[in-house]
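All remarks here apply to the structure that follows.
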Amino acid sequence: MDRVVVPAPPAPARSLLERYGEQAVEATKQTTRVSKSRGILTEVAEVLLLALGLYLIINFAIQTVHVIGSSMYPTVTDNDYLIATKIDYRLHPPSRGDIIIMRDPYDNTRDFIKRVIGVPGDHVLIRQGQVFINGHLLRETYVNNEVWTENADWPIAQTTDPEGVLLKSDEFFVMGDNRNHSSDSRVFGPVRRDQIEARAWIRVIPLSRIGPIDTQKPQITNTLLQPGAAA
1 MDRVVVPAPP APARSLLERY GEQAVEATKQ TTRVSKSRGI LTEVAEVLLL
51 ALGLYLIINF AIQTVHVIGS SMYPTVTDND YLIATKIDYR LHPPSRGDII
101 IMRDPYDNTR DFIKRVIGVP GDHVLIRQGQ VFINGHLLRE TYVNNEVWTE
151 NADWPIAQTT DPEGVLLKSD EFFVMGDNRN HSSDSRVFGP VRRDQIEARA
201 WIRVIPLSRI GPIDTQKPQI TNTLLQPGAA A
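Going by the working numbering, the first residue of the sequence shown is number 1, and it counts up by one from there.
Rendered as structure tokens:
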């Protein structure tokens, strides 16, 4: 018995709309993949820029300071944590009353924290626990009220200039607020501008004392050094 094979009907032709639709879907997938890749690259770039920004800030703009010792008591106390700014002194020189971070004159691996008392051009003399700038008494409300027993007179009679010191164009006279317990310019002399690294700005620890630390400034009064007091 003969078999009759009936051919299958031809598949309907795909419309142009269907073909272009599939191409559009594929193009969308490719665009999505490209967009995701660009998104990842953007995120990586943002992280790198943030890291670079933090590095520049930490190394060139600010400095964290852990205070060890009591030479600046009561303004700054042992175990305080401070933020110091390095930018200020790139723009202008230190001012009288600034609390500074400076290199130890005897050991470059250590830093000191002191207050600027004399600036370039000043004549500095200390007699009976009182500081005189250019012959005028310096009023200091921030110092430890303890009576001076250490270096209450400076320079001492044995120095080459018992009448005081005139600061050069790049010299600063620095002292600790805790005058009886501070190694400062009374011991190692004036400090050069390039020894000063940063200005102590704000205390962050302990939280109970958070805030700016150099709110009190010395004032040059009209009170003059009495004749014979410098002897």
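Built from N, CA and C at the ideal position, the CB exists for glycine as well.
Note that this is a predicted model, so its numbers are computed, not measured.
* Asked: Where in the region 38 to 105 do unbroken runs of the alpha helix (DSSP H), each at least 4 residues long, occur, reported from the N-terminal end onward?
  -> 88 to 91
* Three or more C-beta pairs closer than 8 angstroms, one from the region 129 to 138 and one from the region 181 to 198: is that the case here? -> no
* Asked: Just checking my contact of TYR73 with ASN144 at CB under 8 angstroms: how many whole Å lie between their CB atoms?
  -> 6 angstroms
* Based on the DSSP output, what are the partners of ARG127 in its beta bridges? -> GLN130
* **Spatial distance of THR85 from THR215 (CA atoms)** => 16 angstroms
* When you compare only the Cα positions, how much space is there between LEU41 and GLY97? -> 49 angstroms
* From ILE202 to ASN108, what distance separates their C-alpha atoms? -> 24 angstroms
* Pull up the DSSP beta-bridge partners for PHE173, would you. => GLY118
* Asked: When the Cα of VAL116 is compared with those of GLY211, ASN222, PRO218, GLN226, which residue comes out closest?
  -> PRO218
* **Residues of its chain near GLU46, where Cβ-Cβ distance is below 8 angstroms and the 5 sequence neighbours each way are ignored** => none
* Check GLN226 in the structure and name its three-state DSSP category. => coil
* Asked: How about ILE213 and ILE62: are their beta carbons less than 8 angstroms apart?
  -> no
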